[in-house]
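**Q** Starting off with a structure, shown below.
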Amino acid sequence: EAGVTQSPRYAVLQEGQAVSFWCDPISGHDTLYWYQQPRDQGPQLLVYFRDEAVIDNSQLPSDRFSAVRPKGTNSTLKIQSAKQGDTATYLCASSYRGREQYFGPGTRLTVL
Amino acid sequence: QQKVQQSPESLTVSEGAMASLNCTFSDGTSNNFRWYRQHSAKGLEVLVSIFSDGEKEEGRFTAHLNRANLHVSLHIREPQPSDSAVYLCAARNNYAQGLTFGLGTRVSVFP
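Residue numbers (this note's numbering), protein chains in the order written: chain P, 87 to 198; chain E, 616 to 726.
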């Protein structure tokens with residue numbers, strides 16, 4: 087069974103640029119999560135979906151971050167006008183009916 | 616909001632010696648707990664999930680949960696150099712599916 091896949095694996099931007107991250111969850115998993123993991127910290131939940139619906143986006147900086155999952159499968163997380171403080175690894179995870187979460191390898195973002 | 620604290624920040628052990636990691640949480644609202652391992656530049660690998668007080672073993676990894684003391688531990692039996700990684704504790708309650716993580720313990724295993 088294929089695991090959670092993410093792309094790109096790395097991204098380097100100047101402040102003010104935009105970037106999108108893509109996640110393909112495990113087939114059949116209805117719930118998808120995006121976490122932000124700053125260096126030397128634990129992951130922090132940004133947003134999660136059940137099918138195509140956003141269930142909780144309370145920790146998503148809504149002025150510059152957006153996330154979609156239009157068909158309830160793949161998902162895209164976008165940062166408009168990135169800041170140095172956005173430097174982190176962005177992890178995607180998926181689960182079936184809220185059970186065990188399986189994580190992808192992450193996208194490591196550096197904002198210069 | 617639930618807070619999760621891990622100790623120690625880092626741990627060095629010899630191959631074959633027992634390694635013990637600790638995690639405390641701020642309140643009793645969480646009802647399930649997980650230990651993950653994260654190798655450098657890789658995703659998280661779940662090691663043990665535990666939902667009730669007591670002990671749960673998964674191979675060389677054993678978790679102990681004591682809800683009254685707001686504490687969960689992880690013991691690694693016969694650690695190997697390939698176990699060198701960051702170990703993360705995570706908690707979850709019924710009201711939110713997202714996990715709350717600690718900062719992690721960096722474990723180094725030397726031959």
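Cβ coordinates follow ideal geometry from the N, Cα and C atoms, glycine included.
By the 10 Å Cβ neighbour count, where 16 or more other Cβ atoms means buried, how is R707(E) classified, buried or exposed?
**A** buried
**Q** What does DSSP give as the partner residues of N143(P) in its beta bridges?
**A** Bridge partners of N143(P): none, in fact.
**Q** Would you decide whether T627(E) is buried or exposed? Buried here means 16 or more other CB atoms lie within 10 Å of its CB.
**A** Its Cβ having fewer than 16 others within 10 Å, T627(E) is exposed.
**Q** Output yes if chain E places a C-beta closer than 8 Å to the C-beta of L195(P); else output no.
**A** It does not: the Cβ of L195(P) has no partner Cβ on chain E nearer than 8 Å.
**Q** Taking a contact to mean a Cβ-Cβ separation below 8 Å, would you say G190(P) touches T91(P) in this structure?
**A** Contact: yes.
**Q** Along the chain, where does the beta strand (DSSP E) containing G171(P) start, and where does it finish?
**A** Per DSSP, G171(P) belongs to no beta strand (DSSP E) and is neither H nor E.
**Q** Rounded to the nearest angstrom, what separates Q146(P) and E670(E) at their Cα positions?
**A** The sequence as given places Leu at residue 146(P); Gln does not occur at that position. Rounded to the nearest angstrom, the two C-alpha atoms are 36 Å apart.
**Q** Residue range of the beta strand (DSSP E) that K671(E) falls in?
**A** 669-673
**Q** Measuring straight from C-alpha to C-alpha, what distance separates Q122(P) and Y176(P)?
**A** 5 Å
**Q** What does the Cβ neighbour count give for A104(P), buried or exposed, with the cut at 16 atoms within 10 Å?
**A** exposed
**Q** Counting only the same chain and skipping the five closest in sequence on each side, list residues whose C-beta sits under 8 Å from that of Q617(E).
**A** F640, S641, D642, T644, S645, A706, N708, T715
**Q** What is the residue span of the beta strand (DSSP E) that F666(E) lies within?
**A** Neither: F666(E) is in no beta strand (DSSP E) and is coded neither H nor E.
**Q** Along the chain, where does the beta strand (DSSP E) containing Q720(E) start, and where does it finish?
**A** In the sequence as presented, Gln is not what sits at residue 720(E); that position holds Thr. Residues 720-725.
**Q** Under 8 Å, Cβ to Cβ, is there at least one residue of chain P near S664(E)?
**A** Yes, its Cβ sits closer than 8 Å to a Cβ of chain P.
**Q** Under 8 Å between the Cβ atoms of S167(P) and R150(P)?
**A** yes
**Q** Using 8 Å as the limit for Cβ to Cβ distance, is F716(E) near chain P?
**A** yes
**Q** 8 Å is my cut-off, CB to CB: does K657(E) come that close to chain P?
**A** Yes, its Cβ sits closer than 8 Å to a Cβ of chain P.
**Q** Kindly say whether P191(P), judged by its beta-carbon, lies nearer than 8 Å to any beta-carbon of chain E.
**A** yes
**Q** Give me the chain E residues within the contact set of P129(P), using Cβ-Cβ distance strictly less than 7 Å, ordered along the chain.
**A** Proximity of chain E to P129(P) at the Cβ level (cut-off 7 Å) is accounted for by F716, in chain order.
**Q** Check for me: the beta strand (DSSP E) holding T91(P) runs from which residue to which?
**A** 91-93
**Q** Need the endpoints of the beta strand (DSSP E) that S655(E) sits in, please.
**A** That residue, S655(E), is in no beta strand (DSSP E); it is neither H nor E in DSSP.
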